[in-house]
Amino acid sequence: MERHKLVVALLMKENRATVAELAAATGASEMTIRRDLEVLESRGALRRVRGGAVSNLPGGVEPPYAIRAMSGAQSKERLARAVVALLTDGETVALDTGTTAVAVAHAMAARQLTVTPLSLHATFTLSAHPGIRLLMPGGQVRPEELSFYGHTPVQTFKDLCFDTFILGCCGIDPVQGATAYNLDDVQVKRAAVAAAQRVILVATADKLGRAALGRICSVDQITLIVTDAPDDSPVVKELRDRGVEVVHPPEE
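So the sequence shown is residues 0 to 251, counted in numbering that gives the first Met the number 0.
So this is what it looks like as structure tokens:
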């Protein structure tokens, strides 16, 4: 919901806001804002206080999955279609965690692929596609993100060889490479990178030039990047200068 996204954005910018301020900013009634705050608190995006709310999303911490799923749906769908267009039927594909990866899973609906998803969110989507053969990595499951982690998925990628790994990230920087916030996820992503013949990184424009805590891989381990960042972006230029192919989804 657009109003929810606006409320979260305002709180991330100001850290604290009253019900009256949020109502004025969104054009909604104060009663509606109070209901919104209750919903958003249940999703981990904020903490309600007397008369308003404070942000629950400090810098340097990955926002909850439910909040990320509210943002940029159309951009993620465009990127997902561009990524799936790069695949050939019959390929073996490892599919990363995150909301953009779930958009990729949706875009695989008409394809014939063997896919190992790194999260249950993507698994649930892929299970509805008749042409997808699912190969599960196993392991422990991180709450809310529903990503697999631990020794079992890492060992799975040591034992198998994939044609393509579709990698998501929390940040991609020409110097630091691809990074993520959660260190358990990073270990599995690294193993998937090592197991794949090519790595396609998919990233919305806001991820470029950012770096999170855990380093997944360097840019020279990435075959190509699919992003909606402007072609004249300094980060895109530097990535290309480092030999990374950067492609954009077709205009619609």
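Each residue gets a CB set at the ideal place from its N, CA and C atoms; glycine is no exception.
Please check the pair T99 and V201, which I expect to be a contact at CB under 8 Å, by giving their CB distance rounded to whole angstroms. 6 Å
Hey, F161 and A204: beta-carbon distance below 8 Å or not? no
With three or more C-beta pairs closer than 8 Å as the rule, is the region 26–35 touching the region 62–77? no
Selected residue, minimal CA-CA separation from V53, among V243, T25, A72, T17: T17
Under the rule that 16 or more other beta-carbon atoms within 10 Å means buried, what is P233, buried or exposed? exposed
N- and C-terminal bounds of the beta strand (DSSP E) containing S54: 51–54
Count Cβ pairs between the region 31–45 and the region 72–90 that sit closer than 8 Å; are there 3 or more? no
Per-residue DSSP class, three states only, for A16: strand
Proximity below 8 Å, CB of V82 to CB of V192: no
Taking the alpha carbon of I221 as the point to measure from, which residue in A177, D227, A210 has its own alpha carbon closest? A177
Count the other CB atoms, across all protein chains shown, that sit within 10 Å of the CB of T163; report buried if there are 16 or more and exposed otherwise. buried
In angstroms, rounded to a whole number, what distance separates the CA positions of V174 and D219? 10 Å
List, from N- to C-terminal side, the beta strand (DSSP E) runs of 3 residues or more that fit wholly inside the region 24–111. 45–48, 51–54, 91–94
Whole angstroms are fine: how far does the CA of A24 sit from the CA of L36? 14 Å
Using a C-beta cutoff of 8 Å, does A52 count as contacting chain D? Absent from the structure is chain D; it holds one protein chain and no more.
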